[in-house]
Amino acid sequence: MSDKEKLFQEIKSIVIEWCEENETYFKNNNINIDVLRNEKDGFVVSFENDIAMAELVVEQASYAPYRFVSFEIATVEADRAKISYSWYDNESTSKKELKEQLTRGINYFVNL
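Residues 2 to 113 (our numbering) are what the sequence shown spells out, left to right.
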């Protein structure tokens, strides 16, 4: 396994752990969570409430504005979907910052 693959698996594990640690928070804030994909090569989860939808993606994309992690929130304005919040990791994102940014994003989602 290459160093990049090891790092990817570690990042994916951190994201899954973050989701598990926040299950009660999601429930208490009426966020429906649905794991769409949990495989060796990726993890995708959607979050929904009455106002918006969010998607958290962990993958080794060949062309994307992120290294491994994408978190986007979409709302509907004037009958059109609009990305109202997004965060993407990069080469310098630490594991601590990753969890902090995911928490910041989900808090934004709750407070829409």
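Where is the CB? At the ideal position from N, CA and C, for every residue including glycine.
Taking all protein chains shown into account, decide if residue i is buried (16 or more other Cβ within 10 angstroms of its Cβ) or exposed.
| i | result |
| --- | --- |
| isoleucine 12 | buried |
| alanine 53 | buried |
| leucine 113 | exposed |
| alanine 65 | exposed |
| alanine 84 | Looking at the sequence itself, residue 84 is isoleucine, so the reference to alanine does not match. Isoleucine 84 should be labelled exposed. |
| valine 77 | exposed |
| valine 46 | buried |
| alanine 82 | exposed |
Going by the CB atoms, is the gap between residue j and residue i shorter than 8 Å?
| i | j | result |
| --- | --- | --- |
| leucine 99 | isoleucine 32 | no |
| tyrosine 89 | tyrosine 67 | yes |
| isoleucine 34 | phenylalanine 48 | yes |
| tyrosine 30 | valine 111 | It should be pointed out that residue 30 corresponds to asparagine in this sequence rather than to tyrosine. A contact, by the Cβ cut-off of 8 Å. |
Using only the alpha-carbon positions, how far apart do residue i and residue j sit?
| i | j | result |
| --- | --- | --- |
| glutamate 24 | alanine 62 | 27 Å |
| tyrosine 109 | serine 3 | 35 Å |
| lysine 97 | glutamate 18 | 13 Å |
| glutamine 10 | glycine 106 | 22 Å |
| threonine 104 | lysine 5 | 25 Å |
| alanine 79 | glutamate 21 | 34 Å |
| asparagine 50 | glutamine 102 | 20 Å |
| serine 95 | leucine 8 | 11 Å |
Requested in this report: Report yes or no: do the region 68–85 and the region 41–60 share at least 3 C-beta pairs separated by less than 8 Å?
Outcome: yes
Requested in this report: Write down every uninterrupted run of the beta strand (DSSP E) in the region 17–71 whose length is 3 residues or greater and which is fully enclosed by it, in chain order.
Outcome: 33–40, 43–49 and 53–60
Query raised in the report: What are the uninterrupted segments assigned as alpha helix (DSSP H) that are 4 or more residues long and contained completely in the region 68–106, given in chain order?
Result: none
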